[in-house]
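Data first, discussion second: the structure below is written as structure tokens.
Residue numbers (the UniProt record's numbering): 1 to 67.
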């Protein structure tokens, strides 16, 4: 499921990393919303990173632009 920017912004931030806000963590999946822009080096604004826990390690399974 791809989340919209509006949906993600309405969710509380669970924790923050250097450049991203963790918005969802459930069932072995994490959804991060970047606070950086293309000017900061991201491939696009409002980048969403989806991670999945596989064999005890978090692996990026998808990146997309939230609109």
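In this text, a Cβ means the ideal position worked out from N, Cα and C, and glycines have one as well.
Keep in mind that this is a model prediction, so the values were computed, not measured.
Item: Residue 65 to residue 41 span [Cα, whole Å]; Value: 14 Å
Item: Beta-bridge partners of residue 24, as assigned by DSSP; Value: 31
Item: Opposing strand residues paired with residue 63 [DSSP bridges]; Value: 49
Item: Three-way DSSP call (helix, strand, coil) for residue 39 in this model; Value: helix
Item: Alpha helix (DSSP H) segment containing residue 9, residue limits; Value: 5-10
Item: Exposure label - residue 32; buried when at least 16 CB within 10 Å; Value: buried
Item: DSSP three-state assignment for residue 16, whether helix, strand or coil; Value: strand
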